[in-house]
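These notes concern the structure reproduced below.
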Amino acid sequence: MLRYYFCFINSAMNKVFLFCLSLLLLLSSCIELIDDITIHNDGSGTFKYTMNLSSSKIKVNSILALDSINGKKVLSKAEIKSKINLFASHLKTQTGISNVSVSINDLELIVKFSCDFTSVSTLQNGLKNALIAINNNKNTEDLNQNWLSYDGEVLKRNIPLFSITLSDHVKELDIDLLKTGNYTSINRFDRPIVKVEKVGAKINPSRTACMLKVNTYDLHKNYSLIDNCIYLSPKKNK
Amino acid sequence: MKKLMFFLLLVNFSNVKSQSELLIPKEAITVFSINNLNLLQKISVDELIQYEFMEEVHQELFDGSTSEKTLKDAGIDFNQRLNVFYGKNNDYELSGFTFGVSDLTNLFEVFDDFEELQSKYDNTKLYGSFFNNLIIKNNAALLIRFEPSNELVNRQTDSIWYSRGNLPPFDFNEEAFNEEVFETEDSTYLEPIIYNQEELPIEIDDPNEKNYNELRDSVQITLQEALLTNLLDALFIDNLNLVKSDARFSEQLTHPCEATFYFDNSRSFKTANGLWYFQTIMPSIYKDLQELYTGNIILGDLFLNDKSIDFKVKTYYGEKLGDIYSEMNDAKFDKNVTKYIHKGNSAFFTYNVNMKKAYEKAYQTIMPIISAEKNADVAMNVLMLELLNEFVDKDAVFDTYKGSMFATFNGIKKINTKKIEFIYDEITFEYEEQETEAVEDMPVFTLGFSMGREDIPEIILRNLGKLTSKFEKHDDYWVLNNAILEAAPLYMISKNNLFIFTNDVDLAVNHSDGYGTNSLPKKVVRKLKRGGFMNGYLDIAGTLNRFPSDLLNNQQSEMINSLKGKSGKMYLSSSKTTNKLTAFDLKYEFNGTEYSGQHLLDLINTVYIFSK
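Here it is as structure tokens:
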């Protein structure tokens, strides 16, 4: 199962997926992913992304202990950390992005990433540019997709295209292993949420946050599970 | 009457040895001789080449024109042996096959890239392709690739080059020579060095004068031809072949088995790359060590039975090496070992030697060899060894590590670990880390060593326990937390004159004195006690079915998967070691409807995959 994960981190393009918002990591067994976006009334906000592999420590560490799999080099923990930090350093230089922070718990295999942004579009562009930068300035069609849009009233979310491309490679045998993983998407706002389109998305009592939790296996079978459209109440006039 | 007896003897001899093995060159160091080719007749070439081990053979021998042909259609005489051989020394490397020929026309439909060459040998036809030569005499063929070593070619080329008054052929500076490492999308690789035009051997104005590379090519071809001519002269003029030059191999071929294995370790020793230092710097030590290995040869027979495959191997030694091995293997089986091998284990291995006796015999045999060398470095090492021998308490050392050990594999078990989970606040959807119990799959193994000094590991562990809190002492065992892949604990048990490492919590906590009635049955224990220094057991279903196929590529996964459906058991045993030989018996018993030949091919392929 994790072969896909570690093969992907071997190639430059695949390195992209390690730290991006993609759902690619649902290819990993027993993985916990959290994306948490806070959007303020002025369109600025904070993006947090967490990848938790601690429940697969033995499997991940056993693969990291290898030099290569299927003829392809497996990066060491130090190399992976270095790539993540390189991504963060590129992101710091992007317009509209600030307070970039990365924490890596290499004992428990938990990566936490966060940054502030001035608008949703600067977040998407900043992430895209940083990914291209660590990918030796190579762009791909998948990265041109806007998987997040916000017009001040409505937030639309889709699944990133590149995650679809790669998850198509999951073997039937491996898919069973996805059943224990989960992906959690949290969106927070300054003002109340009027409604969310996705059935199953929870709204908190103050209606300022919604959470959508899906099983990685189900998500692999149906990518639209993570699509959502969140409608906010109108801004109050000052 | 005498004439009649002589005639009958000749007839008998010719029945025992068919033509093909008489074409195995005496230079061969390793030979695998297949006696019963019935199994190959049942397999089409296309099916056979599905096996990865056939890939290299196929690349050289077969092409698209052989599609849907079987080996039976290839003009091969299945009444003769198929012999695969390999040999190497410092000057050359050779490999090839010898086999019987029944139909030349069909044969050359398979070997369709060979052209006939002029032959000086009686009743012998010579053919050549780009890499290989095919020689056919009567109804037997030798397919051979014979290549001079790079060292020999370079040596000869340099000699000619400089004798002509030429300057060094390559004039590149050190900076240009350094290989640059580039990271690419898929892997790290070495960028090929591109030399400037000035750095290449310069083309000489006289077109009849060869540059260095052209000269080297000529030397290589000339040497190849000369080496091959020498080999063929020996085979077809002097009638010298491996059967004639090695009586042990000749005798082995008379065994009524499906295949025979031959490996001359004494000649292999001479070409071992790791010994170049001895060869060049300390030739007298090298010569003495070479003598030590004289007579070291491995001979084996393969038997394909209805539901089992039996591989019987004998390792022969020269007198001195035999003395060391017989002393080393003169160890009483440690019966405590069997207490710690569960009767339901998937695989186990025991190794029973007496390191103290081996050390003393090796010291007695090897020290005079080393001491005779007049070399300052060697003299200092000899001094150090002799002082250590005098000052060190050898009883304490060899009581701590006697040399005997065992290992078991008990399949994949669920083991308890810790994990971090994120717990969500239902009001705010904020989340925080929380440590919880987790269960993960892990191969469960045990590794134990016989010892007479339980106090020594206790001293080590006690002091290590002061250095880190990861060491914990319990009543019956020690535990080193997060020792395995930074997640699982490693348990250490020091009891019953054994020091045991295991990740099996059940063994450490509940069975630190052994499995009791659940340990190996008495029948197996008796067999182990009676056997020699090495014993093993492998349950194919119990082991391969749990093999982590994630770590293999598609082709390898398919191979493992093909074996997974099989259920069989493999047993390894050895005889008592004498100063002349040790015998090994590897028996593979299987269930299923397929014939043993197919099982064998599957196994060969598996071994090939993992030894690549």
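The listed protein sequences derive, respectively, from chains A and B. According to my numbering, the first sequence is numbered sequentially starting from 159. According to my numbering, the second sequence is numbered sequentially starting from 62. Note that beta-carbon positions come from the ideal geometry of N, C-alpha and C, so glycine has one too. In this text, all values refer to a predicted model and were calculated from it rather than measured experimentally.
Checklist entry - Taking Cβ-Cβ distances below 7 Å as the criterion, which residues of the region 350-379 of chain A are in contact with chain B? => result 362, 363, 367, 369
Item to check | Own chain residues within Cβ distance below 8 Å of residue 480/B, not counting five before or after | outcome: 496, 497, 498, 499
Checklist entry - When the cut-off is 8 Å and only beta carbons count, does residue 127/A lie next to chain B? => result Here chain A covers residues 159 to 396 and nothing more, so residue 127/A does not appear.
Item to check | Beta-carbon neighbours of residue 343/A, restricted to chain B and to distances below 9 Å | outcome: In chain order: nothing, as chain B lies at least about 11 Å away.
Checklist entry - At which residues does the alpha helix (DSSP H) containing residue 397/B begin and terminate? => result 397-400
Next on the checklist: As a quick exercise: from 594/B, 538/B, 530/B, 542/B, pick the residue whose alpha carbon is nearest that of residue 571/B.
Outcome noted: 538/B
Checklist entry - For residue 199/A, which residues from the same chain have a beta carbon less than 7 Å from its beta carbon, with the 5 sequence-adjacent residues on both sides left out? => result 348, 349, 393
Checklist entry - Exposed or buried, residue 216/B, counting other C-beta atoms within 10 Å across all chains shown (16 or more means buried)? => result exposed
Checklist entry - For residue 358/A, does the count of other Cβ atoms within 10 angstroms reach 16, so buried, or fall short, so exposed? => result exposed
Checklist entry - Taking Cβ to Cβ, would you say residue 220/B is nearer than 8 Å to residue 152/B? => result no
Checklist entry - Looking only at DSSP bridge pairs, what is residue 209/B linked to? => result 153/B
Item to check | Cβ neighbour criterion (16 or more within 10 Å) applied to residue 501/B | outcome: buried
Next on the checklist: Does residue 381/B pass the burial test, meaning 16 or more other C-beta atoms within 10 Å, or should it be called exposed?
Outcome noted: buried
Checklist entry - At what residue ranges does the region 380-447 of chain B contain a whole run of the alpha helix (DSSP H), taking only runs of 4 or more? => result 380-389, 397-400, 416-432
Checklist entry - What residues of chain A sit near residue 561/B, judged by a beta carbon separation below 7 Å? => result Ordered by position in chain A, no residue passes the 7 Å Cβ test against residue 561/B, which lies about 21 Å from the chain.
Next on the checklist: Residues of the region 209-223 of chain A in Cβ contact with chain B at a cutoff of 8 Å, in chain order, please.
Outcome noted: 210, 212, 213, 214, 215, 216, 217, 219, 220, 221, 223
Item to check | Contacts that residue 506/B makes with chain A (C-beta to C-beta distance below 7 Å) | outcome: The premise fails here: residue 506/B is roughly 13 Å from chain A at the closest Cβ pair, so nothing lies under 7 Å.
Item to check | N-terminal and C-terminal residue of the beta strand (DSSP E) that residue 358/A is part of | outcome: Counting along the chain, residue 358/A falls outside any beta strand (DSSP E), and DSSP gives it neither H nor E.
Next on the checklist: So residue 161/B and residue 135/B are supposed to be a Cβ contact under 8 Å. How far apart are they, rounded?
Outcome noted: With a Cβ gap of about 11 Å, residue 161/B and residue 135/B do not count as contacting.
Checklist entry - Can you tell me where the alpha helix (DSSP H) with residue 283/B in it begins and where it stops? => result 273-297
Item to check | Limits of the unbroken alpha helix (DSSP H) element including residue 286/A | outcome: 278-292
Checklist entry - What runs of the beta strand (DSSP E), each 3 residues or longer, lie entirely inside the region 437-520 of chain B? => result 466-485, 492-511
Item to check | Inter-residue Cα distance where the pair is residue 386/B and residue 535/B | outcome: 40 Å
Checklist entry - Under a three-way DSSP split, which group does residue 232/A fall into? => result coil
Next on the checklist: For a quick check, are the C-beta atoms of residue 281/A and residue 205/A less than 8 Å apart?
Outcome noted: yes
Item to check | Alpha-carbon to alpha-carbon, residue 467/B and residue 377/A | outcome: 47 Å
Item to check | Uninterrupted beta strand (DSSP E) stretches inside the region 557-592 of chain B (no shorter than 3 residues) | outcome: 559-563
Checklist entry - Among 595/B, 395/B, 582/B, which has the Cα closest to the Cα of residue 410/B? => result 595/B
Checklist entry - Do residue 650/B and residue 637/B have their CB atoms nearer than 8 Å? => result no
Next on the checklist: For the region 481-503 of chain B, list every residue whose C-beta sits within 8 Å of some C-beta in chain A, in sequence order.
Outcome noted: 481, 482, 483, 485, 487, 488, 489, 490, 492, 494, 499, 501, 502, 503
Next on the checklist: Tell me the rounded alpha-carbon separation between residue 556/B and residue 517/B.
Outcome noted: 12 Å
Checklist entry - Which value, in whole angstroms, describes the spacing of the CA atoms of residue 158/B and residue 85/B? => result 8 Å
Checklist entry - Can residue 407/B and residue 604/B be called in contact, C-beta distance under 8 Å? => result yes
Checklist entry - According to DSSP, is residue 219/B helix, strand or coil? => result helix
Item to check | Contact set between residue 268/A and chain B, taken where Cβ atoms lie within less than 7 Å | outcome: 481
Item to check | For residue 363/B and residue 319/B, believed in contact at Cβ under 8 Å, the rounded distance | outcome: 5 Å
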